[in-house]
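*Asks:*
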Amino acid sequence: MSAHPWEQAHPFLQKIDQNFSQTQVLLVKGEDHLDKPVILDLSERTANSLPAPLVLIFDKYAKARVIIHSKNVNPTTLVSLRIIALEHSSAYVDILEETHGTWAMFEQVILLDKAQLKHSFLSLGRDATQALPYIPTQVEELGVNYLFFSSHKMLGPMGVGILWGKKVDLEKLHPYKTGGGSVEAFEGYQLILKDLPERLEAGSPNVEGILGFGAALDYLNSIGINSHDAVAYLDAKAGIRKLGTSFDLAIALGIWQEVEMPDKANPEPLLILGELHLDGSVSPVKGVLPAIISAKEKGIRFCIVPQENLYEVDIIQDIIIWGVSHLLEAIELVKKIAKGNPNTPSLRPFINYDPYADYEKYPYNFKQLKGHHRLKRALEIAAAGGHHVLMCGPPGVGKTLSVRCFPSILPPLSERELMETNKIWSLMGKIEQRKQSPLLRPFREPHHSASAEGMLGGGSLILPGEISLAHNGVLFLDEAPEFKKTVLQALREPLESRTITITRAGGHSFTFPANFQLVIAMNPCPCGNLGKVNTQCTCSYQDINAYWRKLGGALLDRIDLRIPIEPVSHGDLLENKGSSSQEIRERVLRARETQKKRYSKLKISKNSDLLPVHIEEYCQIQDKDKTLFTKICTSLKISGRAIHSILKVARSIADLGGEKNIGERDLLEAIQHRRYGDDASYWLEERYKKEKIGPLPLASQE
Numbered sequence: 001m002s003a004h005p006w007e008q009a010h011p012f013l014q015k016i017d018q019n020f021s022q023t024q025v026l027l028v029k030g031e032d033h034l035d036k037p038v039i040l041d042l043s044e045r046t047a048n049s050l051p052a053p054l055v056l057i058f059d060k061y062a063k064a065r066v067i068i069h070s071k072n073v074n075p076t077t078l079v080s081l082r083i084i085a086l087e088h089s090s091a092y093v094d095i096l097e098e099t100h101g102t103w104a105m106f107e108q109v110i111l112l113d114k115a116q117l118k119h120s121f122l123s124l125g126r127d128a129t130q131a132l133p134y135i136p137t138q139v140e141e142l143g144v145n146y147l148f149f150s151s152h153k154m155l156g157p158m159g160v161g162i163l164w165g166k167k168v169d170l171e172k173l174h175p176y177k178t179g180g181g182s183v184e185a186f187e188g189y190q191l192i193l194k195d196l197p198e199r200l201e202a203g204s205p206n207v208e209g210i211l212g213f214g215a216a217l218d219y220l221n222s223i224g225i226n227s228h229d230a231v232a233y234l235d236a237k238a239g240i241r242k243l244g245t246s247f248d249l250a251i252a253l254g255i256w257q258e259v260e261m262p263d264k265a266n267p268e269p270l271l272i273l274g275e276l277h278l279d280g281s282v283s284p285v286k287g288v289l290p291a292i293i294s295a296k297e298k299g300i301r302f303c304i305v306p307q308e309n310l311y312e313v314d315i316i317q318d319i320i321i322w323g324v325s326h327l328l329e330a331i332e333l334v335k336k337i338a339k340g341n342p343n344t345p346s347l348r349p350f351i352n353y354d355p356y357a358d359y360e361k362y363p364y365n366f367k368q369l370k371g372h373h374r375l376k377r378a379l380e381i382a383a384a385g386g387h388h389v390l391m392c393g394p395p396g397v398g399k400t401l402s403v404r405c406f407p408s409i410l411p412p413l414s415e416r417e418l419m420e421t422n423k424i425w426s427l428m429g430k431i432e433q434r435k436q437s438p439l440l441r442p443f444r445e446p447h448h449s450a451s452a453e454g455m456l457g458g459g460s461l462i463l464p465g466e467i468s469l470a471h472n473g474v475l476f477l478d479e480a481p482e483f484k485k486t487v488l489q490a491l492r493e494p495l496e497s498r499t500i501t502i503t504r505a506g507g508h509s510f511t512f513p514a515n516f517q518l519v520i521a522m523n524p525c526p527c528g529n530l531g532k533v534n535t536q537c538t539c540s541y542q543d544i545n546a547y548w549r550k551l552g553g554a555l556l557d558r559i560d561l562r563i564p565i566e567p568v569s570h571g572d573l574l575e576n577k578g579s580s581s582q583e584i585r586e587r588v589l590r591a592r593e594t595q596k597k598r599y600s601k602l603k604i605s606k607n608s609d610l611l612p613v614h615i616e617e618y619c620q621i622q623d624k625d626k627t628l629f630t631k632i633c634t635s636l637k638i639s640g641r642a643i644h645s646i647l648k649v650a651r652s653i654a655d656l657g658g659e660k661n662i663g664e665r666d667l668l669e670a671i672q673h674r675r676y677g678d679d680a681s682y683w684l685e686e687r688y689k690k691e692k693i694g695p696l697p698l699a700s701q702e
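Counting from 1, position 3 in the sequence shown corresponds to residue 3 in the UniProt record's numbering; the numbering is continuous, with no gaps.
Quick look at the structure:
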């Protein structure tokens, strides 16, 4: 869906409220006005009057005629509008002055319209935003071609405009935005649009909001509630829009209670969520779990949710939750609550929280990975301490398979972690994906084309991204250098803070958890052949350096374990040795239990969570090992951050071995896992030996 010139033509257009301005723009831009002009009767307030004339001024393709009554427009705005219109030589904006009596003349023109309309001399569009909610209206009797108003004036949500039009006129309109369901086909360069109403619906925001509210009102009418004296407003919290259909059931019940039980307010506050259909059925919605947790924190004891959402609230205790599948069920519940005798909560679906059952269902097992003993050992250390991992090797050596086996050796989610994880997945409407294995840690594998918003979170609705969906689990970036460099560099902050904060204009900020374990897989070079047996790499040293620089030194410095992976020999592929995932997981669980006890006073649970201030106390090395450790770190030019990383990895190795103190072997193994990974030196050393062409031309990371 491509942008049109008017959308970016002037700052005014960025500030216009969208209540019904889009319907005006549709008229101004859409109809073929060569045979008759369209007069938009903008007789309402300034906010209602601005959109259409601004479009006319800044879009050379718009041809309607807009008449503005100066009495209803803010004087300052009117002066600005006159100046802008003069500067752009607009012939389509007429500002009528009350003192000259031209408005009365225009009203006479309106009275004479019927004869002119009959002969197609002009079309008339009428703004009815303020009138329709209070005056019973037969639109056909108005004699207008188009009529538009704001949905929030008719008990609908903000941000939605309603357009009525005669069919013969609507059929001539072209959408000011095309795409989605509005396009039937392309014939050469000709765009073929669908019939009404689909042709005019592309790009409409918040459609589900007004449809859901309309469904609620329609059903209430169908069960005999005919009084419309009670008007309910769903007021927005300042700066926060209400989108989606989660409020349908609450709005319907609120109107029903106001009409049928005006003197019997509920003694107890209620949380009500659910999407309502025309037949009264209630469908599931997103975000039920975090909503109920928030309600519980605010002291609310009763909740009504869709029956199909009950399974996701199974882990919440000490709050009464009913599941309903129809509006009438919800009405009966409200009656009983108002009388003070609510019945027992709905029976929640059974969910088997058995971690062993989850692991048995998991399709990947380290028994499937032949050879690669060093790789398996490194992943066991990573699982024991929660360390980030980079693995590098040619295509086909087993990188992806090993990472997919990785969740099978991680500890199951704790009760606190389960609640945190499910809240995020519920908010995204994805929690059903975790229904079969609820205690298995999340595993996210975004495609390398993922945008910054998709990875970090954001968008128009401010939703969590992949790093939050991977909270308490694993974020796997396969072919990491193929990701946008800006996306990779943006991971540095959440790797440190374990959260992501998204800030929007106006000072609004949203913080989502992002405590994930990063696993990166990559080839040694762009062509992928570096390190392959009997295959020649075609990349230059400059190409290889540029390839590695995409990751950036700052990101690589935060990765504790870097593992070069070489192809497995044919003999190793046939062996049946090595530990299974269950055997490795048992060792990991013992190490994690040791860490949990050690750090009980720090409110952390694993070695990777240690801060620099904790290193000296919990990662002590013996005096006899300090000299060797210092010498190696100096010769390898290891940074201060890397030294802390090595000590934390050594602590995890010692925990796996059941050792109280870090020993020399633990340090040496940790250094070996950290030694490579800043560049392609591991792979280039062998190539250098073959080619014998001077020193390795390695570039430092940016």
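By construction, the Cβ of each residue, glycine as well, lies at the ideal position given by its N, Cα and C atoms.
Rounded to a whole number of angstroms, what is the C-alpha to C-alpha distance between Gly459 and Glu445?
*Replies:* Gly459 and Glu445: Cα-Cα distance of roughly 20 Å.
*Asks:* Per DSSP, which residues does Met522 bridge with? Please list them.
*Replies:* Answer is Cys392.
*Asks:* With 16 other CB atoms within 10 Å as the buried threshold, where does His570 fall?
*Replies:* So His570 ends up on the exposed side.
*Asks:* Quick check on His447: does DSSP put it in helix, strand or coil?
*Replies:* Of the three classes helix, strand and coil, the one that applies to His447 here is coil, per DSSP.
*Asks:* Using C-beta distances below 6 Å, list every residue in its chain close to Pro481, excluding the 5 sequence neighbours before and after it, in chain order.
*Replies:* Excluding positions up to five away in sequence, the list reads Met522, Tyr547, Lys550.
*Asks:* Taking the continuous alpha helix (DSSP H) assigned at Val533, which residues delimit it?
*Replies:* Unbroken run through Val533: none, as it is neither H nor E.
*Asks:* To the nearest angstrom, report how far apart Val519 and Tyr676 are at their CA atoms.
*Replies:* When rounded, the distance between both Cα atoms is 16 Å.
*Asks:* Bridge partners for Phe406 per DSSP, in chain order?
*Replies:* According to DSSP, Phe406 bridges with nothing at all.
*Asks:* Across which residues does DSSP place Gly323 in a beta bridge pair?
*Replies:* In the DSSP output, where bridge partners are listed per residue, Gly323 has Val305.
*Asks:* CA-CA distance, Ala591 and Asp625?
*Replies:* Each residue's alpha carbon lies about 23 Å from the other.
*Asks:* Would you say Ile192 faces chain C, with C-beta separation under 9 Å as the test?
*Replies:* Included in the structure is just one protein chain, with no chain C present.
*Asks:* With distance defined between alpha-carbon atoms, name the residue in Cys405, Ser645, Leu375 nearest to Pro363.
*Replies:* For Pro363, the nearest C-alpha among the options comes from Cys405.
*Asks:* In terms of residue numbering, what span does the alpha helix (DSSP H) encompassing Leu271 cover?
*Replies:* That residue, Leu271, is in no alpha helix (DSSP H); its beta strand (DSSP E) goes 270 to 272.
*Asks:* So Leu555 packs on Arg492, CB below 8 Å; how close in whole Å?
*Replies:* Yes, Leu555 and Arg492 are in contact; Cβ-Cβ is about 6 Å, under 8 Å.
*Asks:* For Glu380, I'd like the list of residues in its chain whose CB is within less than 8 Å of its CB, leaving aside the five on either flank, ordered along the chain.
*Replies:* Hits under 8 Å: Ile409, Ile584, Arg587, Val588, Leu656.
*Asks:* Would you give the residue range spanned by the beta strand (DSSP E) that Val168 belongs to?
*Replies:* First-last for Val168: 167 to 170, but that is the alpha helix (DSSP H), not the beta strand (DSSP E).
*Asks:* Which class does Leu684 belong to by DSSP, given the choice of helix, strand or coil?
*Replies:* Helix, per DSSP.
*Asks:* Does residue 703 come out as helix, strand or coil in the three-state DSSP assignment?
*Replies:* With the chain covering only 1 through 702, there is no way to say anything about residue 703.
*Asks:* When you compare each of Val568, Phe512, Glu432, Glu420 to Gly465 by their alpha carbons, which one comes out closest?
*Replies:* Here the closest residue by C-alpha is Phe512.
*Asks:* Which partner residues does Glu275 have in the DSSP bridge list?
*Replies:* Bridge partners of Glu275: Ser283.
*Asks:* With distance defined between alpha-carbon atoms, name the residue in Lys637, Ser635, His644, Lys631 nearest to Cys619.
*Replies:* Cys619 has its Cα closest to that of His644, out of Lys637, Ser635, His644, Lys631.
*Asks:* Report the CB separation of Leu561 from Ala382 in whole angstroms; it is logged as a contact under 8 Å.
*Replies:* The pair is a contact, with the Cβ atoms about 5 Å apart (cut-off 8 Å).
*Asks:* Mapping the DSSP letters down to three states, classify Ile638 as helix, strand or coil.
*Replies:* Residue state, collapsed to three classes: coil.
*Asks:* Report buried or exposed for Ala357, applying the criterion of at least 16 other Cβ atoms within 10 angstroms of its Cβ.
*Replies:* Ala357 should be labelled exposed.
*Asks:* Could you compute how far the alpha carbon of Leu271 sits from the alpha carbon of Glu308?
*Replies:* Rounded to the nearest angstrom, the two C-alpha atoms are 16 Å apart.
*Asks:* Throw me the rounded Cβ distance for the Val288 and Glu312 pair, which I believe falls under 8 Å.
*Replies:* Contact flag correct, Cβ pair sits at about 6 Å.
*Asks:* Terminal residues of the continuous alpha helix (DSSP H) containing Arg587?
*Replies:* Looking at the DSSP string, the run of the alpha helix (DSSP H) that includes Arg587 is 581 to 598.
*Asks:* Alpha carbon to alpha carbon, what distance is there between His387 and Gln536?
*Replies:* Approximately 34 Å, taken between the alpha carbons.
*Asks:* Inspect the CB distances between the region 658 to 678 and the region 625 to 644 and report whether three or more fall short of 8 Å.
*Replies:* They touch, by the three-pair rule.
*Asks:* CB Arg580 to CB Asn341, shorter than 9 Å?
*Replies:* At residue 580 the sequence reads Ser, which differs from the Arg that was named. Not closer than 9 Å, so no.
*Asks:* For Leu117, collect the residues of the same chain with a Cβ closer than 6 Å to its Cβ; drop the 5 residues on either side in sequence, then sort them by chain order.
*Replies:* With a pLDDT of 42 at Leu117, under the threshold of 50, the modelled position of this residue cannot be trusted, and the question is left open.
*Asks:* Do the CB positions of Ser509 and Val487 come within less than 9 Å of each other?
*Replies:* No, these two residues do not count as a Cβ contact at 9 Å.
*Asks:* With the cut-off set at 9 Å, would you say Ser325 and Ala291 are in Cβ contact?
*Replies:* No.
*Asks:* Quick one: Cα of Leu461 to Cα of Pro269, how far?
*Replies:* Rounded to whole angstroms, Leu461 to Pro269 spans 27 Å at the Cα level.
*Asks:* Go ahead and label Asp35 buried or exposed: buried means 16 or more other beta carbons lie within 10 angstroms of its beta carbon, across all protein chains shown.
*Replies:* In this prediction, Asp35 scores a pLDDT of 46, lower than 50, which makes its location untrustworthy; no coordinate-derived value is stated.
*Asks:* With 16 other CB atoms within 10 Å as the buried threshold, where does Leu610 fall?
*Replies:* So Leu610 ends up on the buried side.
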